[in-house]
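Worksheet for the structure shown next.
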Ligand code: FDA
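Numbering (the working numbering), first residue to last: 84 to 411.
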């Protein structure tokens, strides 16, 4: 399984493969399943449908590793527009009326957490062009979010960026309590990072990790990653401030549901998160059981790297494409 994942990630990085996938209509249905649309408008429509189903949303404007400052500034402009448009959504207006326009971290939990926030990438804010440049862009986004009582999650990217991402969060976290980040259980360093986030008491999303990493920094065996994930999730559920447990792994969710029941951890103290287009049945059943569930909704035309990470997580998705080929 891990071999299939590595193979898909390596193959998809080849330029001719990218060009084939981008052009071929065969991949379209699968792209549409994972990505809410090319435009902000389409992603807001998908978000409203999810909110109507009792879910919460984090909007993600696809794109990473800007090639120059102009690209990063354009991405920042889109982030700001997303926040402006989000504040017009009826459920968001109602939330702000009820809980106030200022973001108070201590008070955020499942009973008063923002319905629709955003997730951003620091390499889309211009990290490759310079730390200070990216920080200035990130701060502008945080200011706009704070004005709308909203929250900005910084996604975690490949391990080359882990240290810089945590440093950036540490630089802004006192001034902006309306931000948090993501930690990846496949990284060998992650136990220490979990402790850091607990010490900081900022919101964290725990994921298994989606990038192609060398065996020197990330556990190659899936069973080891799953084991680490459960241990770290339990620690965060006990000690962190409103953690997000982000997985589609039903056996892990079942184990954690049992854990929170035994430990008497209130359901409003954390949220589950899942990706758009994956395990809709599980999303709905968790909402019915009274858990907070947030869906990560990506949009935009730079969908290729995100899409290949989703294919690699479940090589069986390739069967879907093979079936379409034979049907056609
Ligand atoms: P796992 O991969 O073991 O899958 C468990 C089960 O879930 C599968 O058996 C299948 O049923 C279902 N499933 C999982 N992926 C599927 C897919 N693509 N298609 C169909 N079914 C699938 N990573 C990262 O490095 N940085 C980040 O910032 C984020 N952010 C993020 C946000 C949110 C809300 C989620 C849910 C995930 C991320 N990730 C991420 C991705 C994460 O690291 C991980 O790659 C995926 O969540 C897949 O891992 P699972 O925990 O679902 O388990």
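No residue lacks a Cβ here, since even glycine has one placed at the ideal position from N, Cα and C.
Distance check for residue 246 and residue 379, CA to CA, integer angstroms please.
The straight-line gap from Cα to Cα measures roughly 24 Å.
Residues in the same chain with beta-carbon distance under 6 Å from residue 308, minus the five sequence neighbours each way, listed in chain order, please.
Correct list, in chain order: 268, 269, 291 and 302.
Does the distance from the C-beta atom of residue 199 to that of residue 140 stay below 7 Å?
For residue 199 and residue 140, yes; Cβs fall inside 7 Å.
Let me make sure I understand the geometry here. Which of 195, 296 and 137 has the alpha-carbon closest to that of residue 92?
The shortest C-alpha separation from residue 92 is found at 296.
Hey, quick one: how far does the alpha helix (DSSP H) through residue 255 stretch, first residue to last?
Residues 245-255.
Using the rule of at least 16 other Cβ atoms within 10 Å of the residue's Cβ for burial, across every protein chain shown, is residue 215 buried or exposed?
With fewer than 16 Cβ atoms within 10 Å of its Cβ, residue 215 is classed as exposed.
Counting C-beta neighbours from all protein chains within 10 Å, is the total for residue 98 16 or more, i.e. buried, or is it exposed?
It counts as exposed.
Is residue 361 close to the ligand FDA? I mean its beta-carbon at under 6 Å from any heavy atom of the ligand.
Because some heavy atom of the ligand FDA lies under 6 Å away, the Cβ of residue 361 counts as near it: yes.
If we call anything under 7 Å between Cβ atoms a contact, is residue 126 one with residue 113?
Not closer than 7 Å, so no.
Is it the case that the Cβ atoms of residue 335 and residue 355 are separated by a distance below 7 Å?
Their beta carbons are not under 7 Å apart, which means residue 335 does not touch residue 355 by this criterion.
Please work out which residues of its chain come closer than 7 Å, Cβ to Cβ, to residue 322, disregarding the five sequence neighbours upstream and downstream, and give them in chain order.
Closer than 7 Å at the Cβ level, and outside the excluded window around residue 322, lie 281.
Is it a yes or a no for the stretch 253-273 touching the stretch 369-377, going by three-plus beta-carbon pairs under 8 Å?
Taking 8 Å as the limit for Cβ pairs, the verdict is that the stretch 369-377 does not touch the stretch 253-273.
Between which two residues does the beta strand (DSSP E) holding residue 382 run?
Start and end: 376-382.
Given residue 393, which residues of its chain have a CB within under 6 Å of its CB, disregarding the five upstream and five downstream residues?
For residue 393, where only same-chain residues beyond five positions count, the Cβ hits under 6 Å are 117.
Shortest alpha-carbon distance to residue 151 belongs to which of 191, 211, 310 and 256?
For residue 151, the nearest C-alpha among the options comes from 211.
Under 8 Å Cβ to Cβ from residue 320, same chain only, skipping five residues before and after it: list those, please.
Closer than 8 Å at Cβ, skipping near neighbours: 326, 328, 339, 342, 343, 346, 348, 352 and 353.
What residue does the beta strand (DSSP E) around residue 355 start on, and which one ends it?
Segment 354-358, the beta strand (DSSP E) holding residue 355.
Threshold first: 4 residues or longer. Then list the alpha helix (DSSP H) segments lying entirely within the stretch 295-326, N to C.
For the stretch 295-326, whole alpha helix (DSSP H) runs of length 4 or above, ordered along the chain, are 305-322.
Drop a sphere of 10 angstroms on the beta-carbon of residue 238, count the other beta-carbons inside from all chains shown, and report buried for 16 or more, exposed for fewer.
So residue 238 ends up on the buried side.
Count the other C-beta atoms from every protein chain shown that fall within 10 angstroms of the C-beta of residue 231, then say buried if there are 16 or more, exposed otherwise.
Buried.
My guess is that residue 145 and residue 382 are in contact by the Cβ rule of under 8 Å, so how many angstroms apart are they, rounded?
The pair is a contact, with the Cβ atoms about 7 Å apart (cut-off 8 Å).
Counting only the same chain and skipping the five closest in sequence on each side, list residues whose C-beta sits under 7 Å from that of residue 401.
So the list reads 394, once near-sequence residues are dropped.
Tell me which residue opens and which closes the beta strand (DSSP E) that residue 122 is part of.
From DSSP, residue 122 is part of no beta strand (DSSP E); its letter is neither H nor E.
Just how far apart, CA to CA, sit residue 81 and residue 367?
Shown here, the chain extends from 84 to 411; a query on residue 81 therefore has no answer.
What's the C-alpha gap between residue 262 and residue 171?
So the alpha carbons of these two residues sit roughly 21 Å apart.
Just to confirm my understanding: we take residue 95, look at its own chain, exclude 5 residues before and 5 after, and list those with CB closer than 6 Å. What are they?
Excluding sequence neighbours, residue 95 sits near 391.
What are the start and end residues of each continuous alpha helix (DSSP H) run of 4 or more residues lying completely inside the stretch 142-214, in chain order?
Segments of the alpha helix (DSSP H) lying fully in the stretch 142-214: 152-169 and 173-182.
Regarding residue 383 and the ligand FDA, is the C-beta to nearest heavy atom distance less than 6 Å?
Not under cutoff, so the answer is no.
At the level of alpha carbons, what is the spacing between residue 257 and residue 283?
Rounded to the nearest angstrom, the two C-alpha atoms are 9 Å apart.
Taking the alpha-carbon positions, what's the residue 155 to residue 221 distance?
Spanning the two alpha carbons is a distance of roughly 10 Å.
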